[in-house]
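Asker: Structure provided below as structure tokens; questions to follow.
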Amino acid sequence: MRFAHLSDIHLGFQKQEALQKIEQEVFEKTLDECILRKVDFILIPGDLFHNNIPEMRVQKFAFAKFRQVHDAEIPVYVVYGSHDSSPVANSVIDLLAETGYITKVTRVKESENGKIALDFIQDKTGVKIAGFSGLKAGKDREYYEKLDRDSLESEPGFKIFLFHGGISEVKIEQSQEGEYMPLSFLPKGFSYYAGGHMHRFLHYKYADYLHVVYPGTLFSGYHSDLEENAKGQRRGFVLVEFDDKVTSVEFVEIKNADYEIIEIDAENRKADSVNKELADKVKGIDSAGKIVIIKVEGELTSGKTADVDLSAIREYLSQSGALAVNINKNKLTSREYKITEAKGKDKDEIETNVFKENIGQLRFEQKELIGDPGVLLAKKLLKELGQPSLENEKKMEYLQRIKQGAFGILELKIDDS
Amino acid sequence: MEEISIIGQVVGGKFGDIIVRQKAGTILEIGDLLVSEEDSSFLILQVFALQYGSQIQERMQQMMSGVNLEQGVIDAQFYEPEFVNYVLARIKPLARVAKSDGQVKIPKSMPSFFNKLRLISNKDLEFLKKGGDQIFVGHIRSGTKVIKEAEVWLPAEDVFSHHILIPATTGRGKSNLVKTILWHVLDSNKVGALVLDAHDEYYGRRGPGLKDHSNAKNNLVYYTPSSPPAGANRLAINLQSIRPEHFEGIVEFSDPQLQALRTYHRRAGDTWVTEVMRVDPDTVAMSGDNPNRGEFAAVTLSVIQRKLRLILGLERDEEGNLISRHEVFDSTTRGLTTVDDIVNNIEQGKVVILDTSRLGDEAELIVGNIIASRLLYRYKEYKSTGELARKPVATVVIEEAPRVIGEEVLTRKNDNIYSTIAKEGRKFKVGLTAITQLSSVIPKTILANMNTKIILGNEMKQEREAIIASASQDLSEDDKNIASLDKGEAIVTSIFVPFAMPIKIPLFEEMIKEHQGSPKATKTKVF
């Protein structure tokens, strides 16, 4: 017997058309592979979708594919992830569950003393499955604090626990996103722990937790995933063979795209020199049909970070046939324009003080942009740009409204841009 | 003053050694706190010695005893014995408290001659009122009597950054005291603590412990290498977290050995321990194409490997990876962020307990060294960036402190992180809470830097002398007092208290019962 374990597919995450196509393709290819390999069931522990209600295009192809899986009589067991759950609204996961294409695993039975007792779902293979969804900001931690472990641990048979969340023990970088919980929160003695949330394939074995496995994302759920892909990170799903215990855990790679990556160290350099290196490097690669990742980091000795001109590079790469261009300059700073922190008793005062601390760095001829008038202007602008979208407001309408407001504050006409 | 509360009267002596006649029918004890009412203030005094006094000449007393013992006269009594025979107490002034505002000053004068004294009451100790961010250490004790209403709270930030020493012999309540202190540290996020728990006794894995605190869910983090209870972390430290300097002052390496360690670290970076353990010493020493050839003698590398293997408990698993017998050190990807995670928690004002009961002495200290070094480094950084004021004070709780700050260790080996913290940690809001049976082997310079000492009972004269010599208040007359401290009784001497305070530390288990209400069962909506 065998089952497939996939997670963190983040359908609907991609914004560029070429990447959307890849996102769909790898998803479909993966489920085709599951059908082809005649798996007995599929586990998806969270973040199947990037948000709880993805756009219709995404729902359409997802439903179509799950119908095929359903027709092949392969059950799909799912918990919500931190992205596709919503404590206040419904999720497309619920729709899929209503149609019978997937089964939500979390079943709570009544319990005493405020504890949460979970019921198992029994698959036709006899495998018993239980699990918890992942919630945003680690709010699912309460589930584990209240979990009645005894009833789960005493259940005999081949058991699988689905969960969506980071485990402290398998964290490999301090910068990794999200909350982490200790492994000890999971009930002991299950045959397999199907994890979601970590975007790389990980397989750990502990005395009380025989197989703790994360398949990782299928393509990309964070911007950094594409960078990892470009550096050779394999993506795919996990195929598990078992009888009365797990006999093998195999990572099945699903190819997604070809990549080129250009990394520039801007430390102690000027924007001109960085621009030149970028231009040289871009000319040196064959970008046709590939995803190109450009990463610039370090502290410029002078000028603004915007002086590193990436729009021309993007234009050039697009004309050269690059499938998509992903630019990361989050870690690019400038010595000349470094934001100094400031204290304050509340948000408003902190904002004012940060502007006051930093506005002296600016050299403008327009007096209204510097000094106290500059601080006032900056605060007004920040307030305007921080406005949320209105209910039922379309994205374009929202952008237009914010743009108009901001230009109004700056006393500019939209045409001036 | 009501006549009924009078316990004695000043009859003589000198400053620091005042003689009081005990009132008949009352009993004074060593350590009793007495009050002498003055005009605008009152003096708090403490009994440090007791002796007999009599109006009858000694020869007459002996004669009287002879009549009783040798002539069979039963019950021969002195005439009006309460007048002629009595107890004299020697007392010393501790504090002068202004009646108007409760301000406490070090006394510079004596109580009025013939003044009548009474035992201290909770009203006299109102100046001890809790305020700000403080930690509780116990209740004021007068002799064996505990004044429950008079709680002793110490200013947390000052006390922890200026180091705490807890000297005591076995069985005098060290663990109970540490648990009591940490229990109150858990109340808020004002103090971060790293606790190296060599006996796995603080968390309460098998009984009552800090886990039972209502804030434990948020403020207590427990790491253990084996079968962590639900919610606890597995203590795994990746070998990549270890640097050669972490062995300094803990493990003895010869100069060539140290040089080899540093060279491997420089060349291999984070994976240097794995590299050192992987090489064949003979091959490295002899191989012609090896960059290290001839640099180190085979025997040097062999000794390093043996020491690392023993100290870190290293073995190879079936896949050839280095693992440790006690499952703490790991060469794969486990435990890569443990050190940073722990330091992050301390920075958030949490108490982090490391169960090091399965580790050897040296391995325990190295684990502590790795974390404390990172903690001090971070706090130094915060000082340079001006962020230190926003960080909670951090303390490293270490048992058997002479292992790392003992005279012999510091003379024989280099300084280690613990001695560095003892010497300069205060500037960076990082302190030590050192527990020891042997204060006498800690150098005076370090002892003098430990500005709060919570002295528990100690029957060893040499140890008492070391403590008394380095106390923040004059305890020169308290030798017998310290020797007679019963389990749970202590004297707090600190630059942050007005006088050396005799306290009774509550029994941890009873304190838990007092603080525990019935947990409120709340229903959780599960999605």
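As they're listed, the protein sequences go chains Y and R.
Heads up, the first sequence is in my numbering, so the first residue is 25 and it goes up one at a time.
Heads up, the second sequence is in my numbering, so the first residue is 749 and it goes up one at a time.
Glycine included, every Cβ here is placed at the ideal spot set by N, Cα and C.
(1) Our contact map puts R:I1165 next to R:P915 with C-beta atoms below 8 Å; I'd like the distance itself, whole angstroms only.
(2) Distance, Cα to Cα, R:S753 vs R:K896?
(3) I'd like to know whether the C-beta of Y:E209 is nearer than 9 Å to at least one C-beta of chain R.
(4) Spatial neighbours of R:P977 within its chain, please: CB distance less than 7 Å, with the 5 preceding and 5 following residues excluded, ordered by chain position.
(5) Report the residue from Y:P239, Y:D268, Y:F266 whose alpha carbon sits nearest the alpha carbon of Y:R259.
(6) Would you say R:V1274 faces chain Y, with C-beta separation under 9 Å as the test?
(7) Would you say R:A941 faces chain Y, with C-beta separation under 9 Å as the test?
(8) Considering Cα atoms alone, identify which of Y:A366, Y:K45, Y:R173, Y:N299 is closest to R:R1138.
(9) Return helix, strand or coil for R:S788, following the three-state DSSP convention.
(10) Could you pull the start and end residues of the alpha helix (DSSP H) that Y:N354 belongs to?
(11) Smallest Cα separation from Y:E466: which of Y:D118, Y:Q257, Y:K404?
(12) How is the alpha helix (DSSP H) around Y:D450 delimited, first residue to last?
(13) Which residues in the same chain as Y:A281 place their Cβ atom closer than 6 Å to its Cβ, once the five residues preceding and following it in sequence are excluded?
(14) From this set, R:I1118, R:Y971, R:V1076, R:A898, which residue's C-alpha is nearest R:L1107's C-alpha?
(15) Using 8 Å for Cβ pairs, my map puts R:K1271 next to Y:G138. What's the rounded Cβ distance?
(16) Taking 9 Å as the CB-CB limit, is Y:S178 close to chain R?
(17) Tell me which same chain residues have a C-beta within less than 6 Å of the C-beta of Y:C58, skipping the five on either side of it?
(18) Would you kindly check if the distance between the Cβ of Y:D118 and the Cβ of Y:A141 is under 9 Å?
(19) Looking at chain R, is there any beta carbon in it that lies within less than 9 Å of the beta carbon of Y:Y104?
(20) Taking CB distances under 9 Å as the criterion, tell me whether Y:G245 reaches chain R.
(21) Taking the alpha helix (DSSP H) that Y:F90 falls in, what are its first and last residues?
(22) Measuring alpha carbon to alpha carbon, tell me which residue in Y:L406, Y:V102, Y:F266, Y:A330 is nearest Y:N442.
(23) Checking 9 Å against the spacing of the C-beta atoms, do R:L1195 and R:S1218 come in under that value?
(24) Name the residues in the segment 975-1002 of chain R whose C-beta lies less than 8 Å from a C-beta of chain C; which are they?
(25) Taking the DSSP output, what are the residues bridged to R:T1181?
(26) Less than 9 Å between the beta carbons of R:T1200 and R:H1013, yes or no?
(27) I'd like to know if R:D948 contacts chain Y, where contact means its C-beta is closer than 9 Å to some C-beta of that chain.
(28) In whole angstroms, what separates the C-alpha of R:A1238 from that of R:E1095?
(29) Per DSSP, Y:L226 forms a beta bridge with which residues?
(30) Since R:D691 meets chain Y, which of its residues come closer than 8 Å, beta carbon to beta carbon?
(31) Output the distance between the C-alpha atoms of Y:Y422 and Y:S413, rounded to the nearest integer angstrom.
(32) Does any residue of chain Y bring its CB to less than 9 Å from the CB of R:K1128?
(33) Rounded to a whole number of angstroms, what is the C-alpha to C-alpha distance between R:T1086 and R:N1117?
(34) Give me the residue from R:L944, R:K847, R:V1024 with the minimum Cα distance to R:S1105.
(35) Using CA atoms only, rank isn't needed, just tell me which of R:I839, R:K847, R:A837 is closest to R:E785.
(36) Below 8 Å on the Cβ atoms is my contact criterion, and I expect R:V768 with R:I839 to pass it. Report the Cβ-Cβ distance as a whole number of Å.
Answerer: Reading off the structure:
(1) With 8 Å as the limit, R:I1165 and R:P915 do not qualify as a contact, their Cβ atoms being about 22 Å apart.
(2) 19 Å
(3) Per the sequence shown, residue 209 of chain Y should be read as Phe rather than Glu. Y:F209 counts as touching chain R.
(4) R953
(5) Y:P239
(6) yes
(7) no
(8) Y:A366
(9) coil
(10) Neither: Y:N354 is in no alpha helix (DSSP H) and is coded neither H nor E.
(11) Because residue 466 of chain Y is not part of the residues shown, which for chain Y are 25 to 441, the question remains open.
(12) Absent from the model: residue 450 of chain Y. The displayed extent of chain Y is 25 to 441, so no value can be given.
(13) I46, I315
(14) R:V1076
(15) 7 Å
(16) no
(17) A28, I66
(18) no
(19) yes
(20) no
(21) 80-95
(22) Limits of chain Y in this structure are 25 at one end and 441 at the other, which puts residue 442 of chain Y out of reach.
(23) yes
(24) Among the chains of the structure shown, chain C does not appear; the protein chains present are Y and R.
(25) R:I912, R:V1145
(26) no
(27) no
(28) 30 Å
(29) Y:Y238
(30) Chain R is shown from 749 up to 1275; residue 691 of chain R falls before or after that span and cannot be answered.
(31) 6 Å
(32) no
(33) 14 Å
(34) R:L944
(35) R:K847
(36) 6 Å
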